[in-house]
C-alpha cells in the first residue's frame, strides 16, 4: 500500500464502511444509480464503485434515468451505463438490491422500479436522509467519489487507472476544481494517490472544462447580459425562448452560476433556468460566506451543500426571483 493510501485509510468511518462491505458481500448482484441530471461526481463515483464491486465478485449494473453530459463521455467504461426509465428494465425480477449515490431517496433518481428493493445509501449532502437498509452519509466528504475511494482502500481492491480516472473526475468536479471549502489536505492526498494510480489530471480537466459546445458559450453570453447585482448578491436567468433561439439545452446551463459567485464582493448568487412548458425555474444557488444555501434550497423542496445547492420554483420569473432573493437577502 502506498504512503498516500496508508494516510487516507485511517479514517473515522471504519464502522460504516464495514457495514457497506458486509452488505456488498451478501449479494451476488447490485444495481447502481444516482440522481437525475447527473454531474461529474454522480457519474465518476458510480463507475468507480462498479469496478470495486467487480473486484469483489459481484455483478454491477448501472442505471440512470437521464443522459450523461457530453463532457463526461470520455470517462472509462461509460458504456456500462444503461439509460432506462425503470430499474425493472434491467432487472425484471425486482429483487436485486440497489445502491444509490448522492440521493436523499428513490424519487431523486428519477427511476421507477426501485420500490420494494433492498437499498444502500451513500451520500455527502447536508440534506441526506437515512432512508435505506444501510446508510453512510458524510456531509464533510468533498465528494461521494472520495467516499468510494475510502471504500476501495478498505476493501483492499486494486485502484486501476480507469477507477482512478473516474474518482479523480468526481472529486475535481464536486470541489469546483478544488476551490470549495470542502477541499482539504486529505483531498489533495487522495488525488495525488489517484494520479499515481493512473489518473491523468490535465487530460481529465481538459475533457471536462475545455471541450464546451458553442451553444454553451452563447448561453453564457445571454446569462451574463442579464446579470444583476445588489450589494453582495448577484443573480441572472435564461428563458426557454433564449435556449431555443440558440439551440441550447439544460446541460449548457451547468456552471453559469460559478461566474456570478466569482465576482469580487459577491457572497451569494443564483442562476435561474426556465423549464420549457412547465412555468417553472430550475435554480442553482451558491455562496462563499455564512449563508447556508442548502437550508434555503430545502425550504423549496431542493437541497445540496452549504455553499452549493439547487431547487425548483414556480414562475413566472418575477415571482420566482422575489421568492429566492428574499431568502438570500435575509440569509435564512
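Residue numbers (our numbering): 151 to 482.
Using N, Cα and C, we set each Cβ at its ideal position, and we do this for glycine too.
If you follow the alpha helix (DSSP H) that residue i is in, where does it begin and where does it stop?
i           : result
residue 303 : 294-305
residue 395 : 390-396
residue 365 : 364-375
residue 337 : 335-346
residue 211 : Element bounds for residue 211: not the alpha helix (DSSP H) but the beta strand (DSSP E), 209-214.
residue 411 : 406-411
residue 191 : 190-205
residue 357 : 351-359
residue 319 : 311-324
residue 447 : 443-449
Quick test of your reading: residue i and residue j, contact by CB under 8 Å. State the CB separation rounded to the nearest angstrom.
i           : j           : result
residue 191 : residue 326 : No, residue 191 and residue 326 are not in contact; Cβ-Cβ is about 11 Å, not under 8 Å.
residue 386 : residue 410 : 6 Å
residue 436 : residue 408 : 7 Å
residue 444 : residue 459 : 5 Å
residue 261 : residue 215 : 5 Å
residue 455 : residue 276 : 6 Å
residue 183 : residue 259 : 5 Å
residue 217 : residue 404 : Wrong, their Cβ atoms sit about 13 Å apart, outside the cutoff.
Using the DSSP secondary-structure output, state which residues sit across from residue i in a beta bridge.
i           : result
residue 166 : DSSP output for residue 166 lists no bridge partner at all.
residue 184 : The partner list for residue 184 (beta bridge, DSSP) is empty, contrary to what the question assumes.
residue 241 : Answer is none; residue 241 lacks a bridge partner.
residue 386 : 421
residue 477 : Paired residue(s): none; residue 477 is not in a bridge.
residue 248 : 181 and 269
residue 285 : 271
residue 233 : 214
residue 262 : 236
residue 255 : In DSSP, residue 255 forms no bridge with anything.
residue 454 : 459
Out of the options, which one is the CA nearest neighbour of residue i?
i           : options               : result
residue 419 : 382, 365, 208 and 472 : 382
residue 251 : 231, 267, 274 and 461 : 274
residue 196 : 187, 211 and 207      : 211
residue 254 : 473, 401, 278 and 220 : 278
residue 350 : 331, 378, 310 and 379 : 310
residue 256 : 473, 269 and 245      : 269
residue 441 : 431, 172 and 457      : 457
residue 168 : 303, 374, 451 and 376 : 303
residue 243 : 307, 258, 266 and 224 : 266
residue 379 : 330, 172, 416 and 332 : 416
residue 198 : 374, 344, 283 and 336 : 344
residue 475 : 439, 245 and 422      : 422
residue 480 : 446, 461, 470 and 451 : 446
residue 367 : 280, 402 and 249      : 402
residue 438 : 246, 354, 329 and 375 : 329
residue 175 : 188, 194 and 208      : 208
residue 194 : 225, 221 and 186      : 225
residue 308 : 271, 332 and 346      : 346
residue 354 : 291, 221 and 371      : 221
residue 376 : 412, 452, 406 and 337 : 406
residue 396 : 371, 293 and 449      : 371
residue 249 : 478, 412, 384 and 271 : 271
residue 412 : 281, 452, 374 and 170 : 374
residue 338 : 306, 365 and 291      : 291
residue 461 : 384, 229, 450 and 306 : 450
residue 186 : 452, 227, 473 and 341 : 452
residue 280 : 472, 166 and 356      : 166
residue 478 : 431, 384 and 245      : 384
residue 293 : 283, 233, 331 and 414 : 331
residue 305 : 365, 171 and 283      : 171
Check the Cβ-Cβ distances between residue i and every residue of chain D, and say whether any is below 9 Å.
i           : result
residue 273 : In the displayed structure, chain D is absent; only one protein chain is listed.
Give the range of the beta strand (DSSP E) segment to which residue i is assigned.
i           : result
residue 432 : 430-437
residue 277 : Counting along the chain, residue 277 falls outside any beta strand (DSSP E), and DSSP gives it neither H nor E.
residue 463 : 458-464
residue 379 : 378-380
- [ ] Specify whether the segment 227-247 and the segment 285-297 touch according to this definition: at least 3 beta carbon pairs, one from each stretch, less than 8 Å apart.
- [x] No: the two stretches stay apart, fewer than three of their Cβ pairs being nearer than 8 Å.
Open item on the list: Check whether the segment 358-368 and the segment 298-317 are in contact - that is, three or more C-beta pairs closer than 8 Å.
Closed with: With a cut-off of 8 Å, the segment 298-317 and the segment 358-368 do not count as touching, because too few Cβ pairs lie within range.
- [ ] Count the CB pairs spanning the segment 172-183 and the segment 203-211 that are closer than 8 Å, and state whether there are at least three.
- [x] Touching, yes, given that three or more Cβ pairs across the two stretches are closer than 8 Å.
- [ ] Determine, using beta-carbon pairs with one atom in the segment 297-312 and one in the segment 463-472, whether at least three such pairs fall under 8 Å.
- [x] No, the segment 297-312 is not in contact with the segment 463-472.
Task: Contact between the segment 388-396 and the segment 412-428 (3+ Cβ pairs under 8 Å) - done: The way I'd put it, the segment 388-396 does touch the segment 412-428; three or more beta-carbon pairs between them come closer than 8 Å.
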